[in-house]
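Chains A and B supply the protein sequences, listed in that same order.
At position 69 of the first sequence (counting the first as 1) the number is 69 in the working numbering, and the numbers step up by one without a gap.
At position 125 of the second sequence (counting the first as 1) the number is 125 in the working numbering, and the numbers step up by one without a gap.
We treat Cβ as the ideally placed atom computed from N, Cα and C, and that holds for glycine.
Written below as structure tokens is the structure these notes are about.
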Amino acid sequence: MTEGEPGDLSAELAQAAGELLTLASASESRAMHRLVELAARHVPGCSGATSTLWHGDELTISSASHPDLSELAEVQVISRRGPVIDAIAAGRQISCPDTLSEARWPEYASRALSMGVRSSLTLVHRSASETSDQRALTLTMYATRPRVLDASRAPVAELLIAFGSAVMRNTSTYDAAQRTVRQLSEGADSRAVVDQAKGILMAGLSCSADEALRRMREISQTRQIKVTEVAKRIVESHELDVR
Amino acid sequence: MKLTASGWPAQRVRAWTAGMDALAAAGEAAVAATDEADLMASTAAALAGPFADWVIVDLPSARHASRSVAGTRSRPDLAAAVAELEITDSPVTKSAVDRCTPLVQAEVADSSELGVLPDGQRVADALGARSYAVSPIAVSGRARGAITIVRDRSSPPVTFLELNVLAHIADLAAAALERLP
Chain A
1 MTEGEPGDLS AELAQAAGEL LTLASASESR AMHRLVELAA RHVPGCSGAT STLWHGDELT
61 ISSASHPDLS ELAEVQVISR RGPVIDAIAA GRQISCPDTL SEARWPEYAS RALSMGVRSS
121 LTLVHRSASE TSDQRALTLT MYATRPRVLD ASRAPVAELL IAFGSAVMRN TSTYDAAQRT
181 VRQLSEGADS RAVVDQAKGI LMAGLSCSAD EALRRMREIS QTRQIKVTEV AKRIVESHEL
241 DVR
Chain B
1 MKLTASGWPA QRVRAWTAGM DALAAAGEAA VAATDEADLM ASTAAALAGP FADWVIVDLP
61 SARHASRSVA GTRSRPDLAA AVAELEITDS PVTKSAVDRC TPLVQAEVAD SSELGVLPDG
121 QRVADALGAR SYAVSPIAVS GRARGAITIV RDRSSPPVTF LELNVLAHIA DLAAAALERL
181 P
């Protein structure tokens, strides 16, 4: 049972990747949570992990395999320096071999030490979103011992973050599709209410469909409310009358 | 960097003190152990207390039982049932041992992760587990066993700092293994 036997790793990685891909329709935060769980469970040397999603310079979502570790993402945002900030700026992995002797990011190093983190490795995956702003997904892995997480650990984690990034793109597309469906559905509901109101007016006023619609538009303009809202009120008051 | 007395909240200081006590007790157990079975039992007993509500020490061997379990609650029947399981029955212990990497879970997400008893009850449920941590006992880069600590729902979750302490405790057990026959 030595660490990181290649056969075991590829089997575990295949399973981990498969698990990530099943989240194609999940929310971005759920996919990121699964990503950090998988890293903490499958990458040799990794006892915990955090992931952050950035749109341009703005951190939009962060996730941690352990609540203590979420502070490490926060301290970097506040101090504006740390391995995640550097990884995004440089577009490459950033290693912190020993938090005890780390001088580049004092705020990060002291917070990490206070929670028992002795080394970390941060990976970044950048992509352009549909709205053309730069998206960056980071994965930081933490160890309880110095010099545990070096470049040799990166390939497994690189694959995980690549899968994670692909899933994030899918979830983003899925979310956009969901919004379109919701808007279309709301549009269909609106049309149904307007048609119902037209019918009520046609019966009550003995007028044509066009005339009924014209009257609803008049009310809409006079009272400065949407035609759909006028239609809703007509339907509601008609229902009260019927009762 | 100065560490002031008020730098850590009381709960953290208490947890750190309990961790240091556990480290000292595990050190004594490691020094006094006469064989592997004794090391397993004495380490489990030494760690049960403020540091852990339940302790599971795995040391697979053909010569003795491969697991020792101790708890702060007097439940010898439950301890005996959990002791019947092996590393391969517990997905989290297996993950820690296979990767030779400590791991911690602040909140139990899947109660089958610590294994399932023969009667179908999940170990995490039976122990009332809220959180847990596992550290491999590694000798020359090779995992020979593992120490698992479990906190129940009346205790605070295991912190990442406590995982670090547990990893040091596992190193003491590993050092003892190297000298034992």
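*Starting from the beta carbon of Cys46 (chain A), find every residue of chain C whose beta carbon is closer than 9 Å, and list them in chain order.*
Absent from the structure is chain C; the protein chains it does hold are A and B.
*asked:* Given a cut-off of 8 Å on the beta-carbon distance, is the pair Ser253 (chain A) and Pro136 (chain B) in contact?
replied: Any question about residue 253 (chain A) goes unanswered here, given that chain A covers just 1 to 243.
*Spatial neighbours of Met1 (chain A) within its chain, please: CB distance less than 7 Å, with the 5 preceding and 5 following residues excluded, ordered by chain position.*
By 1-based counting over the first sequence, the position of residue 1 (chain A) is 1. With a pLDDT of only 43 at Met1 (chain A), under the threshold of 50, the placement of this residue in the model should not be trusted, and no figure is reported.
*DSSP on Thr122 (chain A), reduced to helix/strand/coil?*
Taking the first sequence and counting its residues from 1, the one referred to as residue 122 (chain A) is at position 122. Here Thr122 (chain A) sits in strand by DSSP.
_Considering only their Cβ atoms, is the gap separating Pro91 (chain B) from Glu107 (chain B) smaller than 8 Å?_
What you label residue 107 (chain B) is simply residue 107 of the second sequence in a count that begins at 1. What you label residue 91 (chain B) is simply residue 91 of the second sequence in a count that begins at 1. Result no, Cβ atoms of Glu107 (chain B) and Pro91 (chain B) do not sit closer than 8 Å.
*At least one CB of chain B closer than 8 Å to the CB of Pro6 (chain A): is that the case?*
Your numbering for residue 6 (chain A) matches position 6 in the first sequence. Legend: pLDDT at Pro6 (chain A) = 45, less than 50; position of this residue unreliable, value from coordinates given subsequently. No, no contact with chain B.
*Closest Cβ-Cβ distance between Ser95 (chain B) and chain A: below 8 Å?*
As a working mapping, residue 95 (chain B) is identified with position 95 in the second sequence. So yes, Ser95 (chain B) belongs to the interface.
*What are the partner residues of Trp54 (chain A), as DSSP defines its beta bridges?*
Here the question's residue 54 (chain A) lines up with position 54 in the first sequence. Its beta-bridge partners are A:Leu59 and A:Ala136.
*Closer than 6 Å by C-beta to Gly7 (chain A): which residues in its own chain qualify, once you throw out the five before and the five after it? Chain order, please.*
Position 7 of the first sequence, counted from the first residue, corresponds to residue 7 (chain A). Confidence at Gly7 (chain A) is low in this model, with a pLDDT of 48, below 50, so the placement of that residue is unreliable and no value is reported for it.
_Just to confirm my understanding: we take Ser95 (chain A), look at its own chain, exclude 5 residues before and 5 after, and list those with CB closer than 6 Å. What are they?_
On the first sequence, residue 95 (chain A) is found 95 positions in, with the first residue counted as 1. Excluding positions up to five away in sequence, the list reads Leu121.
*When the distance is taken between beta carbons, is Ala39 (chain A) closer than 8 Å to Ala157 (chain A)?*
On the first sequence, position 157 is the one that residue 157 (chain A) refers to. On the first sequence, position 39 is the one that residue 39 (chain A) refers to. Yes; because the gap between Cβ atoms is below 8 Å, this pair is in contact.
*Determine the contact status of Ala65 (chain B) and Ala79 (chain B), defining contact as a CB-CB distance below 8 Å.*
Counted from its first residue, the second sequence places residue 65 (chain B) at position 65. Counted from its first residue, the second sequence places residue 79 (chain B) at position 79. No, Cβ-Cβ distance for Ala65 (chain B) and Ala79 (chain B) is not below 8 Å.
_Within-8 Å CB hit, Met115 (chain A) to chain B_ = Taking the first sequence and counting its residues from 1, the one referred to as residue 115 (chain A) is at position 115. True, the Cβ-Cβ gap to chain B drops below 8 Å.
*Whole-angstrom distance between Gln196 (chain A) and Glu236 (chain A), CA atom to CA atom*: Along the first sequence, one-based indexing puts residue 236 (chain A) at 236. Along the first sequence, one-based indexing puts residue 196 (chain A) at 196. Approximately 11 Å between the Cα atoms of the pair.
*Residues that Phe51 (chain B) contacts on chain A, provided the C-beta gap is smaller than 8 Å*: Numbered from its first residue, the second sequence carries residue 51 (chain B) at position 51. Neighbours of Phe51 (chain B) on chain A: none; closest Cβ ~14 Å, over 8 Å.
*Which residues of chain B have a Cβ atom closer than 7 Å to the Cβ of Asp68 (chain A), listed in chain order?*
Numbered from its first residue, the first sequence carries residue 68 (chain A) at position 68. Simply Thr159 and Phe160.
*Does the beta carbon of Thr52 (chain A) come closer than 8 Å to any beta carbon on chain B?*
As a first step, residue 52 (chain A) must be located in the first sequence, where it is residue number 52. Cβ-Cβ to chain B under 8 Å: no for Thr52 (chain A).
*Using a Cβ-Cβ cut-off of less than 7 Å, give me the residues of the region 28-45 of chain A that come near chain B, in sequence order.*
Ala40, Arg41, Pro44 and Gly45
_Rounded to the nearest angstrom, what separates Met1 (chain B) and Asp110 (chain B) at their Cα positions?_
In the second sequence, residue 1 (chain B) corresponds to position 1, counting from 1. In the second sequence, residue 110 (chain B) corresponds to position 110, counting from 1. Bear in mind that the predicted position of Met1 (chain B) carries a pLDDT of just 46, short of 50, making it unreliable; the figure below should be weighed with that in mind. Going by the C-alpha atoms only, they are around 40 Å apart.
*Is the CB of Arg145 (chain A) under 8 Å away from at least one CB in chain B?*
In the first sequence, residue 145 (chain A) corresponds to position 145, counting from 1. Interface residue, yes.
_Just to check my reading of the structure: Ser119 (chain A) and Arg147 (chain A) have Cβ atoms closer than 8 Å, yes? What is that Cβ distance to the nearest angstrom?_
To locate residue 119 (chain A), count along the first sequence from 1; it is residue 119. To locate residue 147 (chain A), count along the first sequence from 1; it is residue 147. Confirmed, about 6 Å.
_Quick check: is any heavy atom of the ligand NAP less than 7 Å from the C-beta of Ser114 (chain A)?_
As far as ligands go, the structure on display features none, and thus does not contain the ligand NAP.
*Is the region 50-65 of chain B touching the region 139-150 of chain B in the sense that three or more CB pairs, one from each, lie closer than 8 Å?*
yes
*Neighbour flag for Leu47 (chain B) against chain A, beta carbons, 8 Å*: Within the second sequence, numbered from 1, the residue matching residue 47 (chain B) stands at position 47. By this cut-off, Leu47 (chain B) is not an interface position.
*Do you know whose CA, among A:Leu69, A:Met168 and A:Asp57, lies nearest Gly116 (chain A)'s CA?*
Along the first sequence, read from residue 1 onward, the residue named residue 116 (chain A) stands at position 116. If we check each option's Cα against that of Gly116 (chain A), A:Leu69 comes out closest.
_Residue-level contact to chain A via CB, Ala175 (chain B), 8 Å cutoff_ = Here residue 175 (chain B) is taken as the residue at index 175 of the second sequence, counted from 1. Output row for Ala175 (chain B): interface = no.
*Which residues in the same chain as Leu161 (chain B) place their Cβ atom closer than 6 Å to its Cβ, once the five residues preceding and following it in sequence are excluded?*
Sequence index remark: in the second sequence, residue 161 (chain B) carries index 161 (1-based). Same-chain partners within the cutoff: there are none.
_Reduced DSSP secondary structure (H/G/I, E/B, other) of Leu100 (chain A)_ = Here the question's residue 100 (chain A) lines up with position 100 in the first sequence. The answer is coil: DSSP assigns Leu100 (chain A) none of H, G, I, E or B.
*How many Å lie between Asp35 (chain B) and Ile78 (chain A) at the Cα?*
On the second sequence, position 35 is the one that residue 35 (chain B) refers to. On the first sequence, position 78 is the one that residue 78 (chain A) refers to. C-alpha separation (whole angstroms): 52 Å.
*Does the beta carbon of Leu163 (chain B) sit closer than 8 Å to a beta carbon anywhere in chain A?*
Residue mapping note: residue 163 (chain B) aligns to position 163 of the second sequence, counting from 1. Yes, contact with chain A.
*Compute the Euclidean distance between the alpha carbons of Ala9 (chain B) and Arg153 (chain B), then round it to the nearest angstrom.*
Counting from one through the second sequence, the residue named residue 9 (chain B) turns up at place 9. Counting from one through the second sequence, the residue named residue 153 (chain B) turns up at place 153. Checking the displayed sequence, the identity of residue 9 (chain B) turns out to be Pro instead of Ala. Each residue's Cα considered, the two are about 21 Å apart.
*Between Ala79 (chain B) and chain A, is there a C-beta pair that is closer than 8 Å?*
Mapped onto the second sequence, residue 79 (chain B) falls at position 79. False, the Cβ-Cβ gap to chain A never drops below 8 Å.
*Curious, which full-length beta strand (DSSP E) runs of at least 3 residues does the region 102-133 of chain B contain?*
103-105
*Nonlocal neighbours in the same chain, by C-beta distance under 7 Å from Gly4 (chain A), ignoring five residues either side*: By one-based count along the first sequence, residue 4 (chain A) stands at place 4. Because the pLDDT at Gly4 (chain A) is just 44, under 50, the model does not fix this residue reliably, and the point stays unresolved.
*Output, in chain order, the set of chain A residues within a Cβ distance shorter than 9 Å of Ala167 (chain B).*
Locating residue 167 (chain B) in the second sequence gives position 167, where the first residue counts as 1. Those within 9 Å of Ala167 (chain B) in chain A are Ser47, Gly116, Thr144 and Arg145.
*Determine the DSSP secondary structure at Ala33 (chain B), reduced to helix, strand or coil.*
Reading the second sequence from its first residue, position 33 is the one you call residue 33 (chain B). In this structure, Ala33 (chain B) counts as coil in the three-state DSSP scheme.
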